[in-house]
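As given, the protein sequences belong to chains X and U, one line each in that order. Residue numbers are given in my numbering: position 158 of the first sequence equals residue 158, and the series is strictly consecutive. Residue numbers are given in my numbering: position 7 of the second sequence equals residue 7, and the series is strictly consecutive. Heads up: the structure comes next, in structure tokens.
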Amino acid sequence: MERGEGEAEMAKVVVVTSGKGGVGKTTTTAALGAALAQRGERVVVVDFDVGLRNLDLIMGAERRVVFDLINVIQGVAKLSQALIRDKRLENLWLLPASQTRDKDALTEAGVERVIADLRTKFDWILCDSPAGIERGATLAMRYADEAIIVTNPEVSSVRDSDRIIGMLDSKTVKAESGERVTKHVLITRYDAGRAARGEMLSIDDILEILATPLLGIIPESQDVLRASNVGSPVTLNNAASVAARAYADAARRLCGETIAMMVPAERKRFMDRLLGRRAA
Amino acid sequence: MSMNILRFLGRRKATAPLARERLQILLAHERSLRGQPELLSILREEILAVISRHVDLDPDKVIVRMDRGKSVSTLEVDIELPNGFDKTIAAAG
């Protein structure tokens with residue numbers, strides 16, 4: 001877990017946030033975390049949703065949680081005791097949220113200490129923010145170097161994303177010291193057919209409104225549901241699926257690669273098309 | 001293992017039964033712990049205290065892990081004891 005001596009590369013703290021609930025933050029944190037780890041990066045995903053944790057469930061680690069973020073902050077457990085190593089990817093780790101406390105148990109000084117410690121051990125620290133704009137969400141973004149704003153192509157999601165962008169520019173340590181948190185928009189639950197028919201906000205509409213660069217487009221996909229059913233990030237559970245490939249491309253862009261943005265088109269199964277069923 | 005079997009049997013294998021089983025186990029455990037949220041921390045502290053009466057311990061070398069199965073949970077306590085600890089006990093005795 002420890003970095004090599006003299007290794008100069010800076011760890012990146014990335015908050016995965018949205019304001020709105022249910023847009024795919026936790027799915028995104030797990031999928032990007034796994035994709036980065038598959039590239040050989042040392043990754044920890046941190047669940048800030050105190051009292052309502054789900055990242056452990058999406059990662060398939062729910063039976064292995066003994067200590068959590070609050071235990072570490074309060075000194076009841078060491079960081080190394082709370083970290084859970086993924087069983088499939090040895091450089092992917094989870095720091096789970098507490099399930100039995102509420103977000104008042106999070107302290108700014110405690111979070112700062114934990115993040116500083118994680119920086120010495122990992123290349124990427126992905127913070128899974130709770131929905132909303134209260135304590136859990138503000139502390140998840142407080143020490144972020146970068147932010148991924150997860151947005152569905154839907155009016156209230158875009159509106160809440162704009163609010164979160166404003167908070168990233170006012171409530172982070174970087175903002176208070178006159179710097180800027182690097183921001184990326186990730187569009188999830190995208191349906192190219194509905195956008196083409198004018199039933200759904202288009203990519204261009206969203207990007208123009210939010211004025212923030214695009215990290216990736218994740219199509220509406222049943223593979224995401226299957227992955228959460230079995231407790232495996234979609235980038236591990238079905239790496240060939242359209243959603244997984246979109247996440248893998250997003251991870252490469254996050255690492256600085258330039259990759260052409262494809263609007264993914266998933267061929268619907270004949271029966272789905274015949275019956276007019278929407279993907280889950 | 002079960003993941004490999006699922007993949008071998010084909011992509012469209014139903015995943016909902018596994019989700020149901022995972023949730024049943026998890027929620028049964030969480031319900032049973034309701035009202036005693038600090039049980040694991042207490043267990044660890046008390047185990048540490050008992051052993052510390054007889055052996056000098058580095059608390060950082062005590063790892064508590066839990067694996068929750070369908071009908072039983074396994075608490076694994078991994079304690080690194082310094083070399084010669086048994087001689088220390090013999091001398092004290």
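Even glycine gets a Cβ: it sits at the ideal position worked out from N, Cα and C. Remember, it's a predicted structure, so these values are computed and weren't measured experimentally.
Asked, Found
"Between the segment 60 to 75 of chain X and chain U, which residues of the former have a C-beta closer than 9 angstroms to a C-beta of the latter?", "G60, E62, R63, R64, V65, V66, F67, N71"
"Once the 5 residues before and after V173(X) are set aside, which same chain residues still bring their CB inside 7 angstroms of it?", "R142, Y143"
"Which residues in the same chain as I70(X) place their Cβ atom closer than 6 angstroms to its Cβ, once the five residues preceding and following it in sequence are excluded?", "S98, R101, A105"
"Just curious, the alpha helix (DSSP H) that M167(X) is in, first and last residue?", "155 to 168"
"Considering just the uninterrupted stretch of the alpha helix (DSSP H) at V242(X), what are its terminal residues?", "242 to 254"
"Measure from the alpha carbon of M80(U) to the alpha carbon of each residue in T15(U), L57(U), S32(U), then state which is nearest.", "Here residue 80(U) is Glu; the residue named in the question, Met, does not match the sequence. Selected option, being the one with the closest Cα: L57(U)."
"Please return the same chain residues whose Cβ sits closer than 7 angstroms to the Cβ of P82(U), not counting the five positions on each side in sequence.", "D56"
"Taking I25(U) as part of the alpha helix (DSSP H), name the residues at either end of that continuous run.", "16 to 33"
"Do I25(U) and R63(X) have their beta-carbon atoms positioned less than 9 angstroms apart in this structure?", "yes"
"Quick check on R197(X): buried or exposed, where buried means 16 or more other Cβ atoms within 10 Å of its Cβ?", "exposed"
"Less than 8 angstroms between the CB atoms is what I'm expecting for I282(X) and H184(X), so what's the real figure, rounded?", "Outside the displayed span of chain X (1 to 280) sits residue 282(X), for which this structure offers no information."
"So the beta strand (DSSP E) G216(X) belongs to, where does it begin and stop?", "214 to 219"
"Go ahead and label M262(X) buried or exposed: buried means 16 or more other beta carbons lie within 10 angstroms of its beta carbon, across all protein chains shown.", "exposed"
"For the alpha helix (DSSP H) that contains I47(U), what are its first and last residues?", "39 to 52"
"Hey, could you find the ends of the beta strand (DSSP E) S73(U) is sitting in?", "73 to 79"
"Looking at chain X, which residues of the segment 64 to 80 of chain U have a Cβ within less than 7 angstroms of any of its Cβ atoms?", "V64, R65, M66, D67, R68"
"Please check the pair V50(X) and L126(X), which I expect to be a contact at CB under 8 angstroms, by giving their CB distance rounded to whole angstroms.", "Contact flag wrong, Cβ pair sits at about 17 angstroms."
"What does the Cβ neighbour count give for T258(X), buried or exposed, with the cut at 16 atoms within 10 Å?", "exposed"
"Near G110(X), what residues of its chain come up, given a Cβ to Cβ distance below 6 angstroms and the 5 sequence neighbours on each side ignored?", "I73"
"Could you tell me whether the Cβ atoms of S157(X) and V23(X) are closer together than 9 angstroms?", "yes"
"Could you tell me whether the Cβ of L48(U) comes closer than 9 angstroms to any Cβ of chain X?", "no"
"For I63(U), is the beta carbon positioned less than 8 angstroms from some heavy atom of the ligand FMN?", "Of the ligands one can find in the structure shown there are none, so the ligand FMN has no counterpart to examine."
"Would you say L201(X) and A195(X) are within 9 angstroms of each other, going by their C-beta atoms?", "yes"
"Indicate whether Y247(X) and L57(X) have their beta-carbon atoms separated by less than 9 angstroms.", "no"
"Please work out which residues of its chain come closer than 8 angstroms, Cβ to Cβ, to N238(X), disregarding the five sequence neighbours upstream and downstream, and give them in chain order.", "D223, R226, A227, A244"
"For R22(U), go through chain X and note every residue whose CB falls closer than 9 angstroms to its CB, in chain order.", "L57, G60, E62, R63, N229, V230, G231"
"Taking Cβ positions, are K12(X) and D162(X) nearer each other than 9 angstroms?", "no"
"Check whether the Cβ of A97(X) lies closer than 9 angstroms to any Cβ atom in chain U.", "no"
"Residues of chain U with CB closer than 9 angstroms to the CB of Q38(X), please, in chain order.", "Chain U residues near Q38(X): none, gap ~16 angstroms exceeds 9 angstroms."
"Determine the direct distance from the alpha carbon of T188(X) to that of E208(X), and round the result to whole angstroms.", "17 angstroms"
"Report all residues from its chain with a CB closer than 6 angstroms to the CB of R65(U); omit the five preceding and five following residues, and keep chain order.", "E76"
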